[in-house]
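Mapping of the sequence shown onto the numbering used here: residues 223 to 498, in sequence order.
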Amino acid sequence: MTNRIPRPSRDLVFRGLACLAVGGSIAFASGCGQEEEVVAQAPAPRKAPPPPPPPAPPKAESIDSLMQRLQIDPRVSLPEDEAPDTTDQRIAVLRFFDGFARGDASRLDGLMSGADALLLERMVDSGSFEAATTDIMAVKVQTGQDLMGNDCALAVFMMANGDFEAQLWSFEVNGDPAGDGATFDALPSPPNIFERLSGDDWIAAWMAVLAQELARAEEPDEIVEFSTTDLSEDSTTGSPRGNAPIGPGGGAPGRKRPTGPPVDPNPQGPGGPIGR
Numbered sequence: 223m224t225n226r227i228p229r230p231s232r233d234l235v236f237r238g239l240a241c242l243a244v245g246g247s248i249a250f251a252s253g254c255g256q257e258e259e260v261v262a263q264a265p266a267p268r269k270a271p272p273p274p275p276p277p278a279p280p281k282a283e284s285i286d287s288l289m290q291r292l293q294i295d296p297r298v299s300l301p302e303d304e305a306p307d308t309t310d311q312r313i314a315v316l317r318f319f320d321g322f323a324r325g326d327a328s329r330l331d332g333l334m335s336g337a338d339a340l341l342l343e344r345m346v347d348s349g350s351f352e353a354a355t356t357d358i359m360a361v362k363v364q365t366g367q368d369l370m371g372n373d374c375a376l377a378v379f380m381m382a383n384g385d386f387e388a389q390l391w392s393f394e395v396n397g398d399p400a401g402d403g404a405t406f407d408a409l410p411s412p413p414n415i416f417e418r419l420s421g422d423d424w425i426a427a428w429m430a431v432l433a434q435e436l437a438r439a440e441e442p443d444e445i446v447e448f449s450t451t452d453l454s455e456d457s458t459t460g461s462p463r464g465n466a467p468i469g470p471g472g473g474a475p476g477r478k479r480p481t482g483p484p485v486d487p488n489p490q491g492p493g494g495p496i497g498r
């Protein structure tokens, strides 16, 4: 005889299904409630991008190109590493020294300051400008700045006889450099300046020599020390006493006595005065 497992009655089955259905609906209802409101957060402020760098200055036209374009005399030499930074300055410098190389005063007249222009005019009238520029073999130019930050151009002129002459100008471009839109002003030239220039930067060397000359000019003149003489009479000798001995012939204080043999105040040559 077999033991049969009692089956649940139909009522129990439906009752269990009903409980499951109710429980599932409750769970579903609790899971499908209103969603939580999500608060939107503002994005973090972005940093403004840095401003773009300023445009690079236009590259200056090369010296070789300017020499060809402006038809500069080939005796003028301006190395690229000693040339000004801008094309306008390069044009002004090349045109200025081209006038010297060619001996053409008309190319220089409108580029010189007032005092230099007057001097140029006098040199042209006297013929000395032509004489000074005829024998120019080469013009070596370098540019830089003086102690005040002014643009300068130094030229060394090589002459046919082997001599060298140097001159320094300050200059300013104030218009069209292809015309007369620049002004050159000659700076003082100390004595024997070419022999006193040294190093790679001759403009700095020139300014150093000029500063030495100016300092020397401000020194006081040589001071002459005068000896003092006590003119009171000595009680024993009755002669004047002096702080310094007075040698033969005496002499005024502060004046050097002549040396050498005495000079006859009335020289007589053969036959009388002055060869008579």
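Idealized CB from N, CA, C, for every residue including glycine.
| query | Could you give the distance in angstroms between the alpha-carbon of LYS269 and the alpha-carbon of PRO276? | reply | Your numbering for residue 269 matches position 47 in the sequence shown. Your numbering for residue 276 matches position 54 in the sequence shown. Computed Cα separation, rounded: 20 Å.
| message | Suppose the cutoff is 8 Å on Cβ atoms and the five residues either side in sequence are ignored; what does the same chain contact list for GLU394 look like? | response | Locating residue 394 in the sequence shown gives position 172, counting from the first residue. Cβ neighbours of GLU394 beyond the five flanking positions: ASN372, ASP373, ALA404 and THR405.
| request: Tell me whether the beta-carbon of VAL315 lies closer than 8 Å to the beta-carbon of VAL346. | output: Locating residue 315 in the sequence shown gives position 93, counting from the first residue. Locating residue 346 in the sequence shown gives position 124, counting from the first residue. No.
| For ALA337, which three-state DSSP category applies? | Taking the sequence shown and counting its residues from 1, one reaches residue 337 at position 115. Residue state, collapsed to three classes: helix.
| Mapping DSSP to helix, strand and coil, what is ILE358? | Counting from 1 along the sequence shown, the entry for residue 358 is found at position 136. In the structure shown, ILE358 sits in a strand (DSSP, three-state: E or B).
| field | PHE318 versus PRO273 - alpha carbon distance | value | In the sequence shown, the residue the question calls residue 318 occupies position 96. In the sequence shown, the residue the question calls residue 273 occupies position 51. Answer to the nearest angstrom: the Cα atoms are 41 Å apart.
| So, is THR356 buried or exposed, given that buried needs 16 or more other C-beta atoms within 10 angstroms? | What you label residue 356 is simply residue 134 of the sequence shown in a count that begins at 1. So THR356 counts as exposed.
| Just how far apart, CA to CA, sit ARG329 and GLY321? | Position 107 of the sequence shown holds residue 329. Position 99 of the sequence shown holds residue 321. Computed Cα separation, rounded: 5 Å.
| Given that a residue counts as buried once 16 or more other Cβ atoms are within 10 Å of its Cβ, and exposed if not, what is PRO399? | Taking the first residue of the sequence shown as position 1, residue 399 is located at position 177. Under this definition PRO399 is a buried residue.
| query | In or out: LEU340 buried (at least 16 other Cβ within 10 Å) or exposed? | reply | For the purposes of this step, residue 340 is taken as residue 118 along the sequence shown, with counting starting at 1. When all chains shown are included, LEU340 counts as exposed.
| field | Nearest candidate by alpha-carbon position, reference PRO279, set GLY397, ASP310, ALA430 and ILE415 | value | For the purposes of this step, residue 279 is identified with residue 57 of the sequence shown, where counting begins at 1. Of the listed residues, the one whose Cα sits closest to PRO279 is ASP310.
| request: Name the residue from PRO296, GLY384 and ALA408 whose alpha carbon lies nearest to the alpha carbon of TRP391. | output: Here the question's residue 391 lines up with position 169 in the sequence shown. Of PRO296, GLY384 and ALA408, the residue nearest in Cα terms is ALA408.
| ALA323, buried or exposed, once every other Cβ within 10 Å from all chains shown has been counted against 16 | Within the sequence shown, numbered from 1, the residue matching residue 323 stands at position 101. Burial call: buried.
| How would you write the range of the alpha helix (DSSP H) that THR405 sits in, first residue to last? | Within the sequence shown, the letter at position 183 stands for residue 405. Here THR405 belongs to no alpha helix (DSSP H); instead the beta strand (DSSP E) covers 404-408.
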